[in-house]
Amino acid sequence: MMNLIKRFFKRLFKSLISLYGPAVLTLIFAVALVQIFPDGPIWPVGVFAIFMVFIFARYVKW
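The working numbering puts the sequence shown at residues 1138 to 1199.
Laid out in structure tokens, this is it:
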């Protein structure tokens, strides 16, 4: 029974990471960019978002 519960939570965690991972990482990057460079350009956030989608689609296979 414990093995079944462990497998369920592992599968749930993996699906949540693959679904929300790129968005969360992009938000963290955007907040860090604004904190470090308040008057800096905003275009690196879009480049980072595209890069994260590419990385997750290509290398994160469950």
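Don't be surprised by glycine CBs; every beta carbon is placed ideally from N, CA and C.
- A Cβ-Cβ contact shorter than 9 Å links S1155 with F1193.
- In the assembly as shown, P1159 is a buried residue. Its beta-carbon has 16 or more other beta-carbons within 10 Å.
- The alpha carbon of V1161 has as its nearest neighbour, out of Y1196, M1189, M1138, V1197, the alpha carbon of M1189.
- CA-to-CA, the gap between R1148 and R1195 works out to about 19 Å.
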